[in-house]
Amino acid sequence: MLRHPCEMSRSITLVRAMVNGDTAPKSVAGILNSASAEALALMRFLPHSCGHCGGRVNLRVQSVGTSGTTGGLRAYFAHAVDEGVGCPAVTQDACRADEIGATMFGGKQEGPRHRQMKDMMLAAAAADAAVTFAQAEVYLTYGNAGRRPDVVVGINDQLVCCDIQLAPPPRITISGRTAFYEPACFRHAWVLDGAALDRVNLQPFQDLLWRQGGRTLAFDEECLEKSVSSKALTFKLVTITDEGNLITTAWHWVQGDDLLACLGMSPTDTGTAKDFLSQAFLAALASTDRADLQRWYEAVGPDLGLSDWNAFRVDGLRPLLGALASVLASEVRDGSARRPSEVTAVVHNALTTGLSDGRHLWAPIITMAMKRRAELPNAVGFGLKTAAMIDRASRCHDPAEFNRRIDVWRPLLLRLVPALALP
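Numbering-wise, the sequence shown is residues 1 to 423 according to the numbering used here.
Printed below as a string of structure tokens:
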């Protein structure tokens with residue numbers, strides 16, 4: 001079979017996914033060739049082993065400029081450090097992200113620009129009367145772990161930990177910071193250099209941004225000037241787009257309530273969260289490609305302290321969250337092929353009884369969302385059939401099992417829909 005002209009030459013042609021108990025090797029071409037830039041970035045967080053020798057492998061991605069594509073034809077698997085000895089599929093070592101960063105900053109991970117960025121952010125915070133606290137290099141602890149974010153800002157009695165990222169971030173750094181800040185209940189923001197947004201094309205920045213739905217905050221001299229003139233802490237909200245043959249970047253100013261929403265400090269009018277990770281999850285949930293949500297969940301879920309994908313699926317979280325998102329948005333957001341107006345059908349699907357996933361257990365949560373939506377403009381009307389299904393689900397309800405599942409999934413539900421008054 002002829003190879004596509006952009007396709008990488010791959011020594012490793014079979015790999016095993018090391019999640020969900022998968023053991024059968026799969027074709028690398030089948031996994032990668034049709035993948036988007038977002039899919040590649042998420043897959044780089046998933047553990048894989050070589051289908052030829054069993055050693056750990058990493059997913060590496062050639063640059064868009066070199067390959068001429070943003071898709072999976074530019075990607076290949078290579079053995080991790082000290083793995084693959086004696087494997088017939090020989091791969092070469094590649095430059096690591098920390099080495100790229102050291103090259104960019106003259107042998108150091110961060111340079112004078114990093115210190116300048118911290119000083120500018122502190123000056124911008126001082127201009128905003130709503131900021132009650134601003135300090136650099138504050139040491140924070142949670143459990144046995146500690147972090148020293150570049151700048152900590154206090155807004156509305158909550159701390160926002162800002163990590164300025166100028167060097168390409170290793171995946172272990174991205175995962176580690178999420179895993180620290182999330183259970184500690186600190187708000188966390190990655191902040192890029194708004195004057196050097198061309199760097200987002202480097203794969204480590206792609207790894208970071210696609211976890212967040214292709215969005216992040218940035219800061220620079222223009223942000224400082226606007227913060228001082230408007231007396232409101234101001235960032236650039238950066239969005240990247242996969243065009244198929246290049247990654248494009250756009251940005252706009254964000255401050256005030258919009259900034260709070262991006263930081264997860266205020267929900268939308270309907271009650272869903274607007275922080276980058278929550279919005280990325282909800283976008284994957286609404287995707288008609290059913291693999292999108294699983295890919296995002298398996299890449300980011302462990303860092304958020306969530307149970308694995310199998311538990312998510314068996315406990316009926318997909319139909320539940322699909323119903324909540326659809327009801328609150330007044331349009332279908334569950335990833336099904338239904339027309340946007342068929343919200344009632346999504347609710348009925350989530351209330352189906354007698355299935356192994358026990359969807360009826362979630363009837364109280366769906367009822368909460370329906371009541372919330374009824375209080376808002378342009379509410380979707382639900383008829384007698386829906387009322388009958390809720391009644392039937394309520395009669396099948398098992399409070400003990402409901403409480404067990406709520407204890408497991410409360411963090412995820414509250415992150416995505418903070419307006420819910422969960423028990």
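Glycine is no exception: its CB is placed at the ideal position from the N, C-alpha and C atoms.
The structure presented is a predicted model; accordingly, all values stated were derived computationally and were not measured.
message = According to DSSP, simplified to helix, strand and coil, what is R339?
response = The residue given as residue 339 occupies position 339 in the sequence shown. Secondary structure of R339 (DSSP, three-state): coil.
inquiry  = Given this structure, state the Cα-to-Cα distance separating L14 from A35, to the nearest angstrom.
reply    = Within the sequence shown, numbered from 1, the residue matching residue 14 stands at position 14. Within the sequence shown, numbered from 1, the residue matching residue 35 stands at position 35. Taking the straight line from one Cα to the other gives about 16 Å.
Applying the criterion that 16 or more other CB atoms from any shown protein chain within 10 Å of the CB defines a buried residue, is K118 buried or exposed? If you number the sequence shown from 1, residue 118 lands on position 118. Buried, since its Cβ has 16 or more Cβ neighbours within 10 Å.
Q | Three-state class that DSSP yields for A134 in the structure shown | A | The residue you call residue 134 lines up with position 134 of the sequence shown. It is a strand residue.
Inset, instruction - Throw me the rounded Cβ distance for the P170 and P149 pair, which I believe falls under 8 Å. - result: As a working note, residue 170 is residue 170 in the sequence shown. As a working note, residue 149 is residue 149 in the sequence shown. Not confirmed; about 17 Å, so no contact.
Q. Of all the beta strand (DSSP E) runs that stay within the bounds of the stretch 145–203, which reach a length of 3 or more residues?
A. 145–147, 151–155, 158–164, 187–193
Select from A218, P423, C396, P267 the residue whose C-alpha is nearest the C-alpha of R415.
Mapped onto the sequence shown, residue 415 falls at position 415. It is P267.
TODO: Please specify which runs of the alpha helix (DSSP H), each continuous and at least 4 residues long, are wholly inside the stretch 291–345, giving them in chain order.
DONE: If you keep only unbroken alpha helix (DSSP H) runs of at least 4 residues inside the stretch 291–345, you get 291–300, 309–314, 317–329.
On a Cα-Cα basis, can you pick out the residue from V417, N349, R405, I406 that is closest to I390?
Here residue 390 refers to the residue found at position 390 when the sequence shown is read from its first residue. Ranking the options by Cα distance to I390, first place goes to N349.
Would you mind listing the alpha helix (DSSP H) stretches within the stretch 242–267 that are 4+ residues and don't spill past its ends, in chain order? 256–262
Go to A387, then tell me how far its beta strand (DSSP E) extends in each direction, as first and last residue.
By one-based count along the sequence shown, residue 387 stands at place 387. Looking at the DSSP string, A387 is not in any beta strand (DSSP E); the run it does join, the alpha helix (DSSP H), is 384–395.
For the 8 Å Cβ check, are there 3 or more pairs between the stretch 281–296 and the stretch 325–338? Between the stretch 281–296 and the stretch 325–338, the count of Cβ pairs shorter than 8 Å is three or higher; the stretches touch.
| task | Go through its chain and collect everything with a Cβ distance to T352's Cβ below 6 Å, but skip five positions before and after it. | result | Taking the sequence shown and counting its residues from 1, one reaches residue 352 at position 352. R359.
Proximal residues to A363 (C-beta, below 7 Å), its chain only, five neighbours per side dropped:
Numbered from 1 along the sequence shown, position 363 holds the residue referred to as residue 363. Result list for A363: L351, I390, A393, S394, H397, in chain order.
With DSSP run on the structure shown, which of helix, strand or coil describes A78? To locate residue 78, count along the sequence shown from 1; it is residue 78. DSSP places A78 in the strand class (E or B) of the three-state scheme.
* In chain order, what residues of the same chain lie with their CB nearer than 8 Å to the CB of Q92, ignoring the 5 residues before and after it? -> By one-based count along the sequence shown, residue 92 stands at place 92. These residues qualify, in order along the chain: A78.
Exercise for review: Compute the distance between the beta-carbons of N33 and L59, then report whether it is under 7 Å.
Suggested key: For this step, residue 33 is matched to residue 33 along the sequence shown. For this step, residue 59 is matched to residue 59 along the sequence shown. When the beta-carbon positions are compared, N33 and L59 stay at least 7 Å from each other.
Out of E83, D289, A388, L422, state which residue places its alpha-carbon closest to the alpha-carbon of F402.
As a working mapping, residue 402 is identified with position 402 in the sequence shown. Distances from the alpha-carbon of F402 to those of E83, D289, A388, L422 put L422 closest.
(Q) For L159 and V408, I'd like the C-alpha separation in whole angstroms. (A) Position 159 of the sequence shown, counting from 1, holds the residue named residue 159. Position 408 of the sequence shown, counting from 1, holds the residue named residue 408. Roughly 26 Å separates the two Cα atoms.
Whole-angstrom C-beta distance between A125 and V131, which should lie under 8 Å
Numbered from its first residue, the sequence shown carries residue 131 at position 131. Numbered from its first residue, the sequence shown carries residue 125 at position 125. About 5 Å separates the two Cβ atoms, so the contact holds.
Can you list, in chain order, the residues of its chain with a C-beta nearer than 8 Å to that of K70? Leave out the 5 residues immediately preceding and following it.
If you number the sequence shown from 1, residue 70 lands on position 70. Correcting the residue identity first, residue 70 is Thr in this sequence and not Lys. Excluding residues within five positions, the ones whose Cβ falls inside 8 Å are S36, A37, V64, D242, E243, G244, N245, L246, I247.
| said: L320 and A369 - do their beta-carbons sit closer together than 7 Å? | reply: Position 369 of the sequence shown, counted from the start, is the residue given in the question as residue 369. Position 320 of the sequence shown, counted from the start, is the residue given in the question as residue 320. No, they are not a contact pair.
Looking only at its own chain, which residues have a Cβ that is under 7 Å from the Cβ of Y142, when we skip the five neighbours before and after it? Residue mapping note: residue 142 aligns to position 142 of the sequence shown, counting from 1. Hits under 7 Å: F180, P183, A184.
Output needed for Q279: all residues of its chain with C-beta closer than 7 Å, excluding positions within five of it in sequence on either side, in chain order. The residue you call residue 279 lines up with position 279 of the sequence shown. Cβ neighbours of Q279 beyond the five flanking positions: G213.
Please go through the same chain and pick out, in chain order, the residues whose beta-carbon is closer than 8 Å to the beta-carbon of V228, but skip the five residues on each side of it.
As a working mapping, residue 228 is identified with position 228 in the sequence shown. Result list for V228: A123, A124, A127, in chain order.
Any idea which residues DSSP pairs L59 with across the strands? Here residue 59 corresponds to residue number 59 of the sequence shown, with the count starting at 1. According to DSSP, which records beta bridges pairwise, L59 is partnered with F77.
Quiz item: T249: which of L260, A345, K236 sits nearest, CA to CA?
Solution: Working through the sequence shown from its first residue, we reach residue 249 at position 249. For the residues L260, A345, K236, the minimum Cα distance to T249 belongs to K236.
First and last residue of the beta strand (DSSP E) that includes L14? Along the sequence shown, one-based indexing puts residue 14 at 14. Segment 14–17, the beta strand (DSSP E) holding L14.
- prompt: Enumerated in chain order, which unbroken segments of the alpha helix (DSSP H) with a length of 4 residues or greater are wholly contained in the stretch 209–235?
  reply: 221–230
Please report the distance separating the alpha-carbon of T272 from that of L376. Taking the sequence shown and counting its residues from 1, the one referred to as residue 272 is at position 272. Taking the sequence shown and counting its residues from 1, the one referred to as residue 376 is at position 376. Going from the Cα of T272 to the Cα of L376 covers about 13 Å.
**Q.** Presumed contact (8 Å Cβ cut-off) between D163 and R177, rounded CB distance
**A.** Along the sequence shown, read from residue 1 onward, the residue named residue 163 stands at position 163. Along the sequence shown, read from residue 1 onward, the residue named residue 177 stands at position 177. Indeed, because the Cβ distance is near 6 Å, the residues count as touching under 8 Å.
Q.
Using only the alpha-carbon positions, how far apart do R187 and C223 sit?
A. Counting from one through the sequence shown, the residue named residue 187 turns up at place 187. Counting from one through the sequence shown, the residue named residue 223 turns up at place 223. Their backbone Cα atoms lie some 21 Å apart in a straight line.
Next item on the list: Look up L413 in the DSSP assignment and say whether it is helix, strand or coil.
Entry: Within the sequence shown, residue 413 is the residue found at index 413, counting from 1. Helix at L413.
Buried or exposed: which applies to D289, given that a residue is buried once 16 or more other Cβ atoms fall within 10 Å of its Cβ? Working through the sequence shown from its first residue, we reach residue 289 at position 289. Per the 10 Å Cβ criterion, exposed.
Worksheet item: Taking the DSSP output, what are the residues bridged to V238?
Response: By one-based count along the sequence shown, residue 238 stands at place 238. Residue pairing from DSSP places V238 in a beta bridge opposite T216, W251.
* L122 by DSSP, collapsed to three states: which one? -> Counting from 1 along the sequence shown, the entry for residue 122 is found at position 122. L122 falls in the helix class under three-state DSSP.
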